[in-house]
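Trainee: Under numbering that gives the first Met the number 0, the very last position in the sequence shown is 164; numbers go up by exactly one each time.
The structure follows.
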Amino acid sequence: MATARPLGAHVSATAANNFGLDRMAELGIGCAQVFGTNKMQWKARTYRPEQIARFRRTAVDAGVGPIFSHGIYLANFGSREANPPVWEKSIAATIAGLSICETLGHEGLIVHLGSNYGLGFDGVLDSVVDALGRVLAEHAGSARLILENAAGSARIIGGRVSELG
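Listed below in structure tokens is the structure:
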């Protein structure tokens, strides 16, 4: 017997409209991927207790789950040698993203790995592994870190599924 797969769709999902959970419920959407913070800023969003309670309550009432967060687009785990400040910020932003997942009850944080700065996959592999190792060492919660493939040029890490390990 086939198992029903959750249905997802693109909907407007902002903190102001409770991440679109009400709209998802109207459409019968069973799972979600949202941005828990601004996708184009290093600074992580903070939530007031009433926002957290409302999000969690609405998700349960709407029957939407699992819910995942997407990491910021600025993160680049392959940047240690070419741009050390970006590498450090990428680690910090990912740890903050996992913390937001814990706060909002999300299953995990989905991230892209970034660019190889023309060094090739092997040229940045240690940088990526070390960054992800630091993230996982500092994250004590249950939210999972999920690596997403990325379409694009040969400079994109994760452009081939084999690069995601």
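By construction, the Cβ of each residue, glycine as well, lies at the ideal position given by its N, Cα and C atoms.
Being a predicted model, the structure only gives us computed values, none of them experimental.
Counting only the same chain and skipping the five closest in sequence on each side, list residues whose C-beta sits under 6 Å from that of A81.
Mentor: Closer than 6 Å at Cβ, skipping near neighbours: Y116.
Trainee: State yes or no: is the beta carbon of Y116 nearer than 8 Å to at least one beta carbon in chain B?
Mentor: The chain labelled as chain B is not found in the depicted structure, where only one protein chain is given.
Trainee: Which whole-angstrom value describes the C-beta separation of M39 and L6, a residue pair presumed to lie in contact below a C-beta threshold of 8 Å?
Mentor: Rounded, the Cβ-Cβ distance is 28 Å, inconsistent with contact.
Trainee: Just to confirm before moving on: does the CB-CB distance between G77 and V127 stay below 8 Å?
Mentor: Going by C-beta atoms, G77 is nearer than 8 Å to V127.
Trainee: Considering just the uninterrupted stretch of the alpha helix (DSSP H) at S98, what are its terminal residues?
Mentor: Per DSSP, S98 belongs to the alpha helix (DSSP H) from P83 to L103.
Trainee: Which class does A31 belong to by DSSP, given the choice of helix, strand or coil?
Mentor: Note: A31 maps to strand in three-state DSSP.
Trainee: Nearest CA to the CA of N17: which residue from I155, A58, I94 and P48?
Mentor: It is A58.
Trainee: Mind checking who H69 pairs with in its DSSP beta bridge?
Mentor: DSSP lists I109 as partners of H69.
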